[in-house]
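Engineer:
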Amino acid sequence: MGSIPIDRASWPEDGRIGRITAGEYAGLYLLLAVEINDSWAFYISEDPRVGEADQLEADDFWATDEDTPALVEEMAVVWADESQDAELEMEIFDIRGEWHRRRRGNALIRSVFRRPGRRD
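Below, the structure is given as structure tokens:
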């Protein structure tokens, strides 16, 4: 785990998982994902493997490109190793599967409505 630059252009499409070590969310996990319109999505959750599922502390909010690096720094996020990222996301958040289904559905809709001879 370590510090990584918060950069929209190089950020993984499925976001990154990290552990928050400072502030009001200390001890919780963060899934940070790039959103549209110059914003980032912060999905925050307690580890469901160690608590009661119906009593988990969780939150989510959006921040601008300008504010996101400072927020991540204030939270003192320690990022998971990329080899553990997918497993942690599935165990803690389990929302990437829905993102993938939506992307496949959007790709199918685009292909159905594409005009013959047109390249997108």
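Using my numbering, the letters of the sequence shown map in sequence onto residues -5 to 114.
The beta carbon of each residue, even a glycine, is placed where N, CA and C say it ideally should be.
Just so we're clear, the structure is a prediction, and the values are computed from it rather than from any experiment.
Are the Cβ atoms of A115 and G9 separated by less than 7 Å?
Structural biologist: With the chain covering only -5 through 114, there is no way to say anything about residue 115.
Engineer: Give every residue of the same chain whose Cβ lies closer than 6 Å to the Cβ of S4, excluding the five residues on either side of it in the sequence, and list them in chain order.
Structural biologist: As a first step, residue 4 must be located in the sequence shown, where it is residue number 10. Contacts found: none.
Engineer: Buried or exposed: A74, going by 16 or more other Cβ atoms within 10 Å of its Cβ?
Structural biologist: In the sequence shown, the residue the question calls residue 74 occupies position 80. Classification of A74: buried, given that the 10 Å Cβ count is 16 or more.
Engineer: Nearest-angstrom Cα distance between A52 and S39?
Structural biologist: Taking the first residue of the sequence shown as 1, we reach residue 52 at position 58. Taking the first residue of the sequence shown as 1, we reach residue 39 at position 45. Between A52 and S39, the C-alpha separation is close to 4 Å.
Engineer: What's the gap between the Cα of P(-1) and the Cα of D41?
Structural biologist: Taking the first residue of the sequence shown as 1, we reach residue -1 at position 5. Taking the first residue of the sequence shown as 1, we reach residue 41 at position 47. Each residue's alpha carbon lies about 25 Å from the other.
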